[in-house]
Amino acid sequence: MMDISGQFYDGRSSAAKKARLVYLPEVAFVRVEDAEGSPMADAPVSALAFAPHMGRVHRSLGFPCGGLFETEDHGAMDALQISLKKGAFWRFVHMLESRWIWVCLALLFVMGTVFLSFRYGAPVLAREIALRLPPGILHAAGENTLKTLDRMVFSPSDLSSDSQEKIKDEFRELWEAHPGFQLYFRKGGQLGANAFALPGNMIVVSDELIRLAEDNPDGLEAVLAHEIGHGVHQHAARRVIQDSMLAFLLMGLTGDGSGVAELFMGLPVLITEMAYSRAFEREADAYAMEWLALQGKDAEGFARLLVRLHEEAGGRVAGKSRWQGWLSTHPHLEERLEAMDFALP
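Each number in this note's numbering comes from the position in the sequence shown (counting from 1) with 3 added on.
In structure tokens form, the structure reads like this:
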């Protein structure tokens, strides 16, 4: 027989009464008695509900009648569970929680899992999802994005309709090789000389970029092929999906989506997003290089236009630090030029 001291709640009131738990192994029965030895509750061991061991919180044992027995005697409750062959899993969990070595190993495991999810899992999953999205959804997303940009950033193009058609005709082979892609002209305003790939195979090019590349048609063709590469690989959709996955994963780890948690969530998501952005740019650059090779053209025009764009944006051609590299959305200019086998003069 096993005897454990504690207190009992009868399930009908919040009042606790001093009691003792008695285990009768010969009949596989457990009984709760008051201080005078009068029975308060009983049940076969198969009907008992043991609460898991949680630090120094009182141990409890639930009865079918709704009563609850509580005790501070963790050792006695562990011994009872062992004799009943119950709670092995939760004893194992408590052993892990109560030893620093296991806590540290668990922390390292979680950190490793999160890193691998950020670095490898999210990009692969986002790519598979993006490539399977219905074209109608992507086109609607692109149209809505363009409407927002027209309202907040862009203004109507200054180029005449004839000039726009002439530019499209100049790169007819590019569009014929990529049916479904559409070219839109806008005045870039504060964004200056730039080009964008929106969901739904929509390419937007600014008047400022057209003028900057007026004497460099090969460079402009490469930039357009670069943006088409973004569209072919669904980079815009993948980025939205990846950002959402990272935010939800960090929210799940912190257990909170507001307050201090947002501070710690923001930086990892930002840095990881920048890394993904650079990977997308490298992939789009490679696509443009492949297109130029198919046309029998070298990358000199592309490289010179990248240098001019960099200078127009007020950037230095060299000297970016590692920290700046981590926080940049594009690879270093030197890295991009090196991939093209082009050296700065």
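Backbone N, C-alpha and C fix where the C-beta goes; we use that ideal spot for every residue, glycine too.
Asked                                                                                                                           : Found
Cβ neighbours of residue 7 in the same chain (closer than 6 Å, five flanking residues each side left out)                       : 24, 74, 76 and 79
Where residue 69 sits in the DSSP three-state scheme                                                                            : coil
Buried/exposed call for residue 282, threshold 16 Cβ in 10 Å                                                                    : exposed
Residue(s) in a DSSP beta bridge with residue 26                                                                                : 5 and 33
Residue 359 vs residue 22 beta-carbon contact at 8 Å                                                                            : The first residue shown for the chain is 4 and the last is 348, placing residue 359 beyond what the model contains.
At least 3 beta-carbon pairs within less than 8 Å: the segment 170-177 vs the segment 151-161                                   : no
Same chain, Cβ closer than 6 Å to residue 230, five either side skipped, listed in chain order                                  : 198, 200 and 206
Whole-number beta carbon distance between residue 305 and residue 183, since they are thought to touch under 8 Å                : Actually they are not in contact, since the Cβ atoms of residue 183 and residue 305 sit about 24 Å apart, beyond 8 Å.
Closest residue to residue 29 among 86, 149 and 38 (Cα-Cα distance)                                                             : 86
Cβ distance (whole Å) where residue 141 is taken to contact residue 191 below 8 Å                                               : Between residue 191 and residue 141 the Cβ distance is about 23 Å, and since that is not below 8 Å, they are no contact.
Residue closest to residue 233, alpha-carbon to alpha-carbon, out of 214, 188 and 291                                           : 291
Sequence-distant residues of its chain with Cβ nearer than 6 Å to residue 313 (five each side left out)                         : 336
Span separating the alpha-carbon of residue 56 from that of residue 62                                                          : 7 Å
C-beta contact flag for residue 186 and residue 169 at 8 Å                                                                      : no
Residue interval of the beta strand (DSSP E) (run including residue 207)                                                        : 205-209
Within 8 Å, strictly: CB atoms of residue 188 and residue 210                                                                   : yes
Start-to-end residues for the beta strand (DSSP E) that takes in residue 351                                                    : With the chain covering only 4 through 348, there is no way to say anything about residue 351.
Cut-off 7 Å between Cβ atoms - residues of its own chain near residue 334, not counting five sequence neighbours on either side : 281, 284 and 285
Whole-angstrom C-beta distance between residue 51 and residue 35, which should lie under 8 Å                                    : Not confirmed; about 11 Å, so no contact.
Assigned exposure category for residue 104 - 16 Cβ within 10 Å defines buried                                                   : exposed
Residue 141 - containing alpha helix (DSSP H), residue span                                                                     : 138-155
Nearest-angstrom Cα separation, counted from residue 302 out to residue 119                                                     : 35 Å
Length at least 3, wholly inside the segment 158-208: the beta strand (DSSP E) runs in chain order                              : 185-190 and 198-201
As assigned by DSSP and simplified to three states, the class of residue 122                                                    : helix
Distance, residue 145 Cα to residue 137 Cα                                                                                      : 13 Å
Reference residue 71; option with closest CA among 19, 236, 111 and 315                                                         : 19
Span of the alpha helix (DSSP H), counted from its first residue to its last, around residue 86                                 : 77-87
Cβ-Cβ distance between residue 135 and residue 241 below 8 Å                                                                    : no
Outcome for residue 326 when other beta-carbon atoms lying within 10 angstroms are tallied against a minimum of 16              : At residue 326 the pLDDT is 33, less than 50, meaning the model places this residue with poor confidence; the figure from the coordinates comes in the next sentence. With fewer than 16 other Cβ atoms within 10 Å, it is exposed.
Nearest residue (CA-CA) to residue 26, options 60, 64, 59 and 12                                                                : 64
Contact set for residue 45: own chain, Cβ-Cβ below 6 Å, skip 5 residues either direction                                        : 34
Inter-residue Cα distance where the pair is residue 340 and residue 254                                                         : 39 Å
Buried or exposed (CB count within 10 angstroms, at least 16 for buried), residue 248                                           : buried
Beta-bridge pairing of residue 64 - partner residues as DSSP gives them                                                         : 53 and 72
Reference residue 196; option with closest CA among 226, 179, 180 and 181                                                       : 226
Per-residue burial, residue 12 [other beta carbons within 10 Å of its own, 16 or more giving buried]                            : buried
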